[in-house]
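Visitor:
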Amino acid sequence: MTNPVLHLDSITKRFGPLLAVDAVSLRLRRGEVLALLGENGAGKTTLVNVLFGHYRADAGTVTVDGTPLPPESPRAAIGAGVGMVHQHFALASNLTVLDNVALGLDPLWLPWSRRAAVRARLLAASEKFGLPVDPDARVADLSVGERQRVEILKALVRDARILVLDEPTAVLARPEAEALFATLRAMTAEGLSILLISHKMAEVMAADRVAVLRAGRLVAERATAETTPEELAELMVGAKVARPRREAHRPGPPVLAAEGLSLRDKGRTLLDGASFTLRAGEVLGIVGVAGNGQAALGRVLMGLQRPDAGSVLLDGREAPATPRALVAAGVGRVPEDRLAEGVAGDLLVWENATLDRLRTPALSRAGIVRRGAARAFAADLIARFDLRGGGPDARTARLSGGNIQKLILARALSGSPRVVLAFQPTRGLDEGAVAAVHARLLDARAQGAAILLVTEDLDEALALSDRLQAIVAGRLSLPLPAEEADARRLGLLMAGRWEAHHAA
Amino acid sequence: MRLERRESVPLSLALLAPLGAVAAALLLAGGLIALAGVSPLRAYAEMARGALGSRLALTETLTRATPLVLTGLAAAVAFRARLWNIGAEGQLMLGALAVAWAGHSLLAGAPALLAIPLLMLLAMAVGALWLLGPVVLRLRLGVDEVVTTLLLNFVAILLVGLMVEGPLKDPTAFGWPQSVAIPRDLRLPDLVARSRLHVGVLLAVAAALLLWAAQSRTVWGAETRAAGLSPRAAAFAGVSIPRTLLGVAALSGGLAGLSGGVEVLGVTGYVTTTLSPGFGYAGIVVSMLAALHPLGVVLAATFVAAVFVGADAMGRALGVPSFMADVIVSLSLLSMLVALLLATHRVRR
Numbered sequence: 007m008t009n010p011v012l013h014l015d016s017i018t019k020r021f022g023p024l025l026a027v028d029a030v031s032l033r034l035r036r037g038e039v040l041a042l043l044g045e046n047g048a049g050k051t052t053l054v055n056v057l058f059g060h061y062r063a064d065a066g067t068v069t070v071d072g073t074p075l076p077p078e079s080p081r082a083a084i085g086a087g088v089g090m091v092h093q094h095f096a097l098a099s100n101l102t103v104l105d106n107v108a109l110g111l112d113p114l115w116l117p118w119s120r121r122a123a124v125r126a127r128l129l130a131a132s133e134k135f136g137l138p139v140d141p142d143a144r145v146a147d148l149s150v151g152e153r154q155r156v157e158i159l160k161a162l163v164r165d166a167r168i169l170v171l172d173e174p175t176a177v178l179a180r181p182e183a184e185a186l187f188a189t190l191r192a193m194t195a196e197g198l199s200i201l202l203i204s205h206k207m208a209e210v211m212a213a214d215r216v217a218v219l220r221a222g223r224l225v226a227e228r229a230t231a232e233t234t235p236e237e238l239a240e241l242m243v244g245a246k247v248a249r250p251r252r253e254a255h256r257p258g259p260p261v262l263a264a265e266g267l268s269l270r271d272k273g274r275t276l277l278d279g280a281s282f283t284l285r286a287g288e289v290l291g292i293v294g295v296a297g298n299g300q301a302a303l304g305r306v307l308m309g310l311q312r313p314d315a316g317s318v319l320l321d322g323r324e325a326p327a328t329p330r331a332l333v334a335a336g337v338g339r340v341p342e343d344r345l346a347e348g349v350a351g352d353l354l355v356w357e358n359a360t361l362d363r364l365r366t367p368a369l370s371r372a373g374i375v376r377r378g379a380a381r382a383f384a385a386d387l388i389a390r391f392d393l394r395g396g397g398p399d400a401r402t403a404r405l406s407g408g409n410i411q412k413l414i415l416a417r418a419l420s421g422s423p424r425v426v427l428a429f430q431p432t433r434g435l436d437e438g439a440v441a442a443v444h445a446r447l448l449d450a451r452a453q454g455a456a457i458l459l460v461t462e463d464l465d466e467a468l469a470l471s472d473r474l475q476a477i478v479a480g481r482l483s484l485p486l487p488a489e490e491a492d493a494r495r496l497g498l499l500m501a502g503r504w505e506a507h508h509a510a
Numbered sequence: 147m148r149l150e151r152r153e154s155v156p157l158s159l160a161l162l163a164p165l166g167a168v169a170a171a172l173l174l175a176g177g178l179i180a181l182a183g184v185s186p187l188r189a190y191a192e193m194a195r196g197a198l199g200s201r202l203a204l205t206e207t208l209t210r211a212t213p214l215v216l217t218g219l220a221a222a223v224a225f226r227a228r229l230w231n232i233g234a235e236g237q238l239m240l241g242a243l244a245v246a247w248a249g250h251s252l253l254a255g256a257p258a259l260l261a262i263p264l265l266m267l268l269a270m271a272v273g274a275l276w277l278l279g280p281v282v283l284r285l286r287l288g289v290d291e292v293v294t295t296l297l298l299n300f301v302a303i304l305l306v307g308l309m310v311e312g313p314l315k316d317p318t319a320f321g322w323p324q325s326v327a328i329p330r331d332l333r334l335p336d337l338v339a340r341s342r343l344h345v346g347v348l349l350a351v352a353a354a355l356l357l358w359a360a361q362s363r364t365v366w367g368a369e370t371r372a373a374g375l376s377p378r379a380a381a382f383a384g385v386s387i388p389r390t391l392l393g394v395a396a397l398s399g400g401l402a403g404l405s406g407g408v409e410v411l412g413v414t415g416y417v418t419t420t421l422s423p424g425f426g427y428a429g430i431v432v433s434m435l436a437a438l439h440p441l442g443v444v445l446a447a448t449f450v451a452a453v454f455v456g457a458d459a460m461g462r463a464l465g466v467p468s469f470m471a472d473v474i475v476s477l478s479l480l481s482m483l484v485a486l487l488l489a490t491h492r493v494r495r
């Protein structure tokens, strides 16, 4: 075995009473893709922050090419050839690609910027690794995939030999993700080494080796050739988790219907005659690549925006068009952007739990909040939905992503709603939380709720939906019964090829 | 060295922050006083005596604090909803102008019990209207209200100047540009005999208590807080952002207008362009020192008023320029910003 390019030697890091990383050792070899797998909160990010010098480890050392890195010095890490691509990009969107790459490369005392040299290095790296990019394009005009490319190039121009990617496909559509992995392979062929942080099985299986973290400990290392996603999932969670699957039952009468919804904004068509019918006791899955009108559909259905044309019918009558009236009418809403829309992070848990129904007599009288009742309402949700990380009086931002989503779901499902609008309900959640969300949605279905599930995750759509429709450029395909759906047919639908399909 | 956000701010730290900030400001200003050739300890002793050391000093300080409480509340309620009302000064001047005008014309003969509340309502309405324009511009066109509210201050002061040099000018004031005084019986009663302290101070404290109760206990309070902290989440929950901002603007402008009205009703009886020595701007400092808490506003306003009143006494006794008051108040604001950062964050190295 060759010497590792990167060696983490029994790293330990505590935050107060919490042991975030417990004596973890990792070796990364030259030309290798090593995946670091673990649930949210398993210690992946802490470990990487130690590696990159953001945190000082309580014990252990980081060695690059045989030389120990001084603790807490991102500069030393960069100098040693470690490059970091964050999940949330650190790009200035008002600057060009070249400016973003050049930022921080010049010493501060230099009165001018050596742009020509940076441009040459950028183009050389872009050529060498097959990452096409226009140096003069403004970052704001780039797609998410292109922005990620810029982040990677930023690291490469700084002569990174070890690239750390944090949840790189969380923001990417499937074709972009596949292109990314092809690029990563090309890089390892050039002798780079890659540390990939993820909790998604599909992308972990594309690595050479997998290191599994659970509760701060390294529980297993496996070569991907010698393991299966099922084994990894079990290792990661510590017990066998099975996502629940729906059981067939007969749906009831139509409850919610959209007829010819159209919406335009600043000259762009967001929704283009979208129609669907949702029946009691069924899950209607709407699948599609991000950015095809899902957000606009959510805004219209959840009472935040009126459509230019078309209507939404609840029980055959015009549906209410404000959030409060929808909640009162028994519509549970789970928004796509849970951190921006689902909760206000600085409010307390009980305030977020009650904000959309604070004006009901149960929670306020004559404009005065019944705080006891509001706290009790939140405490009840916490108990029923197994919310962890804080009681009714905790600041909401303290909860983990999975628990915030549980709070939003709990609020949406609390009054036994007749309709549930679930937009990307499991995006970014770990396996345990995904299973919990799925179980809740299926429970609601069994109790007769009509559920609209909008998702990019095909496995999720296939596991939960009774019928499926694809959304492409603001238009909805005709529904496809779950029995006839498979990945290939859904792929065709999502590519917008349903006319041919239905004609045939 | 890095700053990490604290999960929650302990109450002791939240209370310590303004005290630490004030101490730091006094320490820094002490250096300047020493440069002026006076012992800072003597200067501060003189200040404390001048602000709190006698019945007269105490009533003067509270008289000064009254408009500051109201403008401080105006700033606090607006800032909490992320509405940057920098225009309290102008709203105050117009509230004062409206009271001076209506008090000596329309309502001159009315019984005080009817006229005084009406005049106060008028002052509030005028202040609220003056802020409504910038808010509508922000909601409709995205115009930055910091700029519009700030610039409207100068318009308001010039408008007052126009009126007191023209239609409202008091012919018996030996040529001074001031308005005709309102009738004696429309003035607010004194709270302490043989002083300038009037019942307006009780009104200001009551306003702070009411606002505190409203913010912490009512649906309105919860909704405005949500709208300020996270407009999108609030809108998702059904809180109308435009309606919330308009309501907050009416309240904020109203409080600032009331502060001017109360100053005329309680202290001067007439309006001049120099009615306010920057009460509107000082209100911003007061609200920040109070960390936007209505009850903190009462304490912070008293502190700022004491600094100004005390600095006058210090200037007379020791020859240190009374501008030192401005320095101390400005330094308090700066050190409060630092203190707030340190209270909400933990320093790590």
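Respectively, the protein sequence lines represent chains D and C. For the first sequence, the residue numbers in the working numbering are 7 to 510. For the second sequence, the residue numbers in the working numbering are 147 to 495. For every residue, glycine included, the Cβ atom is placed at its ideal position computed from N, Cα and C.
#1: Would D/H507 be called buried (16 or more neighbouring beta carbons within 10 Å of its own) or exposed?
#2: When you compare the CB of C/R363 with every CB in chain D, is at least one pair closer than 7 Å?
#3: Taking only the alpha-carbon atoms, compute the straight-line gap between D/D112 and D/T194 and give it to the nearest angstrom.
#4: Taking only beta-carbon positions, decide if C/L375 is within less than 7 Å of chain D.
#5: Looking at chain D, which residues of the region 375 to 398 of chain C have a Cβ within less than 8 Å of any of its Cβ atoms?
#6: Sorted by chain position, which residues of the same chain lie with C-beta nearer than 7 Å to C/T209's C-beta, five sequence neighbours on each side aside?
#7: Nearest to D/R365 by CA position, among C/A368, C/K315 and C/Q324, is which residue?
#8: Pick helix, strand or coil for D/D314, following the three-state DSSP scheme.
#9: With C/A261 as the anchor, note down where its alpha helix (DSSP H) starts and where it stops.
#10: Kindly indicate which residue of C/G400, C/T207 and C/M482 has the alpha-carbon position closest to the one of C/A274.
#11: Taking only beta carbons into account, state which residues of the region 242 to 271 of chain D come closer than 7 Å to chain C, listed in chain order.
#12: CA-CA distance, C/A452 and C/A222?
#13: Hey, how far is the Cα of D/M7 from the Cα of D/L34?
#14: DSSP three-state label for C/I474, please.
#15: Does DSSP put D/I457 in a helix, a strand or coil?
#16: Suppose contacts are defined by Cβ-Cβ distances below 7 Å. Is C/G196 in contact with C/A428 by that definition?
#17: Is it buried or exposed, D/W115, if we count other Cβ atoms within 10 angstroms and call 16 or more buried?
#18: When the distance is taken between beta carbons, is D/R249 closer than 7 Å to D/L444?
#19: Hey, D/G59 and D/L169 are a contact pair by Cβ (cut 8 Å); roughly how many whole angstroms apart?
#20: According to DSSP, is D/E489 part of a helix, a strand, or is it coil?
#21: I'd like to confirm the pairing. Which residues does DSSP put opposite D/A19 in its beta bridges?
#22: Tell me, which residues are paired with D/I374 by DSSP?
#23: Am I right that C/A402 and C/T212 are in contact with their C-beta atoms under 8 Å? What's the rounded C-beta distance?
#24: Can you name the start and end residues of the beta strand (DSSP E) that D/P260 belongs to?
#25: So what does D/M90 bridge to, in DSSP terms?
#26: Does the CB of C/A372 have a neighbour CB from chain D at under 7 Å?
#27: In the DSSP assignment, what residue or residues form a beta bridge with C/S325?
#28: Any idea what DSSP makes of D/F282, helix, strand or coil?
#29: Out of D/P398, D/A264 and D/V68, state which residue places its alpha-carbon closest to the alpha-carbon of D/L484.
#30: Report yes or no: do the region 386 to 400 of chain C and the region 350 to 369 of chain D share at least 3 C-beta pairs separated by less than 8 Å?
#31: Using a Cβ-Cβ cut-off of 7 Å, state whether D/L474 counts as contacting chain C.
#32: Mark D/W356 as exposed unless 16 or more other C-beta atoms lie within 10 angstroms of its C-beta, in which case mark it buried.
#33: Tell me, please, whether the CB atom of D/R365 is closer than 7 Å to any CB atom in chain C?
#34: Can you tell me whether D/A509 is buried or exposed, with buried defined as 16 or more other CB within 10 angstroms of its CB?
#35: Which residue comes first and which comes last in the alpha helix (DSSP H) that contains C/G236?
Guide: Taking the coordinates as given:
#1: As a first step, residue 507 of chain D must be located in the first sequence, where it is residue number 501. Residue confidence for D/H507 is low, a pLDDT of 48 falling below 50, so the modelled location carries little weight and cannot support an answer.
#2: Here the question's residue 363 of chain C lines up with position 217 in the second sequence. For C/R363, at least one C-beta of chain D is nearer than 7 Å to its own C-beta.
#3: In the first sequence, counting from the first residue as 1, residue 112 of chain D sits at position 106. In the first sequence, counting from the first residue as 1, residue 194 of chain D sits at position 188. Roughly 28 Å between the two C-alpha positions.
#4: On the second sequence, residue 375 of chain C is found 229 positions in, with the first residue counted as 1. By this cut-off, C/L375 is an interface position.
#5: Taking 8 Å as the cut-off between beta carbons, the residues of the region 375 to 398 of chain C near chain D are L375, S376, R378, A379, A380, A381, F382, A383, G384 and V385, in sequence order.
#6: To locate residue 209 of chain C, count along the second sequence from 1; it is residue 63. So the list reads R342, L343 and V413, once near-sequence residues are dropped.
#7: Looking up residue 365 of chain D in the first sequence gives position 359. Check the Cα spacing between D/R365 and each of C/A368, C/K315 and C/Q324: the tightest is with C/A368.
#8: Here residue 314 of chain D refers to the residue found at position 308 when the first sequence is read from its first residue. In the three-state DSSP reduction, D/D314 falls in the coil class, being neither helix nor strand.
#9: As a working note, residue 261 of chain C is residue 115 in the second sequence. Boundaries of the alpha helix (DSSP H) harbouring C/A261: A258 to L287, taken from the DSSP string.
#10: Locating residue 274 of chain C in the second sequence gives position 128, counting from the first residue. Taking each of C/G400, C/T207 and C/M482 in turn and checking the Cα distance to C/A274, the smallest one comes out for C/G400.
#11: Cβ contacts with chain C come from no residue of the region 242 to 271 of chain D.
#12: Position 306 of the second sequence, counted from the first residue, corresponds to residue 452 of chain C. Position 76 of the second sequence, counted from the first residue, corresponds to residue 222 of chain C. Distance from the CA of C/A452 to the CA of C/A222, rounded to the nearest whole angstrom, comes to 20 Å.
#13: The residue you call residue 7 of chain D lines up with position 1 of the first sequence. The residue you call residue 34 of chain D lines up with position 28 of the first sequence. In this prediction, D/M7 has a pLDDT of 49, which is less than 50 and means its spatial position is unreliable; what the coordinates show is noted afterwards. Our two residues, D/M7 and D/L34, have alpha carbons roughly 11 Å apart in a direct line.
#14: As a working note, residue 474 of chain C is residue 328 in the second sequence. Reduced to three states, the DSSP call for C/I474 is helix.
#15: By 1-based counting over the first sequence, the position of residue 457 of chain D is 451. In the structure shown, D/I457 sits in a strand (DSSP, three-state: E or B).
#16: Along the second sequence, one-based indexing puts residue 196 of chain C at 50. Along the second sequence, one-based indexing puts residue 428 of chain C at 282. Cβ distance not < 7 Å, so C/G196 and C/A428 don't count as in contact.
#17: Counted from its first residue, the first sequence places residue 115 of chain D at position 109. By the 10 Å Cβ count, D/W115 comes out exposed.
#18: Within the first sequence, numbered from 1, the residue matching residue 444 of chain D stands at position 438. Within the first sequence, numbered from 1, the residue matching residue 249 of chain D stands at position 243. Just to set this straight, residue 444 of chain D is His in the shown sequence, not Leu. Taking 7 Å as the Cβ cut-off, D/H444 and D/R249 qualify as a contacting pair.
#19: The residue you call residue 59 of chain D lines up with position 53 of the first sequence. The residue you call residue 169 of chain D lines up with position 163 of the first sequence. Actually they do not touch by this definition, with Cβ atoms about 16 Å apart.
#20: Along the first sequence, read from residue 1 onward, the residue named residue 489 of chain D stands at position 483. Three-state DSSP puts D/E489 in a helix.
#21: Locating residue 19 of chain D in the first sequence gives position 13, counting from the first residue. Before going on, a small fix: residue 19 of chain D reads as Lys here, not Ala. Assignment of beta-bridge partners to D/K19 by DSSP yields D/V27.
#22: Position 368 of the first sequence, counted from the first residue, corresponds to residue 374 of chain D. BP columns for D/I374 point to D/R371 and C/T364.
#23: Walking along the second sequence from the start, residue 402 of chain C turns up at place 256. Walking along the second sequence from the start, residue 212 of chain C turns up at place 66. Contact doesn't hold; Cβ gap of about 13 Å is too wide.
#24: Mapped onto the first sequence, residue 260 of chain D falls at position 254. Note, D/P260: beta strand (DSSP E), P260 to D271.
#25: Your numbering for residue 90 of chain D matches position 84 in the first sequence. As computed with DSSP, D/M90 is found in a beta bridge with D/V170.
#26: Taking the first residue of the second sequence as position 1, residue 372 of chain C is located at position 226. Yes, because at least one Cβ of chain D sits closer than 7 Å to the Cβ of C/A372.
#27: Residue mapping note: residue 325 of chain C aligns to position 179 of the second sequence, counting from 1. Answer is C/K315.
#28: Counted from its first residue, the first sequence places residue 282 of chain D at position 276. Residue state, collapsed to three classes: strand.
#29: Locating residue 484 of chain D in the first sequence gives position 478, where the first residue counts as 1. Check the Cα spacing between D/L484 and each of D/P398, D/A264 and D/V68: the tightest is with D/A264.
#30: Cβ pair count under 8 Å is below three, so no.
#31: In the first sequence, the residue the question calls residue 474 of chain D occupies position 468. The beta carbon of D/L474 does not come within 7 Å of any beta carbon belonging to chain C, so the residue lies off that interface.
#32: The residue labelled residue 356 of chain D in the question sits at position 350 within the first sequence. With 16 or more other Cβ atoms within 10 Å, it is buried.
#33: Taking the first sequence and counting its residues from 1, one reaches residue 365 of chain D at position 359. Answer yes: the Cβ-Cβ gap between D/R365 and chain C drops below 7 Å somewhere.
#34: Taking the first sequence and counting its residues from 1, one reaches residue 509 of chain D at position 503. With a pLDDT of 42 at D/A509, under the threshold of 50, the modelled position of this residue cannot be trusted; read the value that follows with caution. Its Cβ having fewer than 16 others within 10 Å, D/A509 is exposed.
#35: Numbered from 1 along the second sequence, position 90 holds the residue referred to as residue 236 of chain C. Start and end: A234 to H250.
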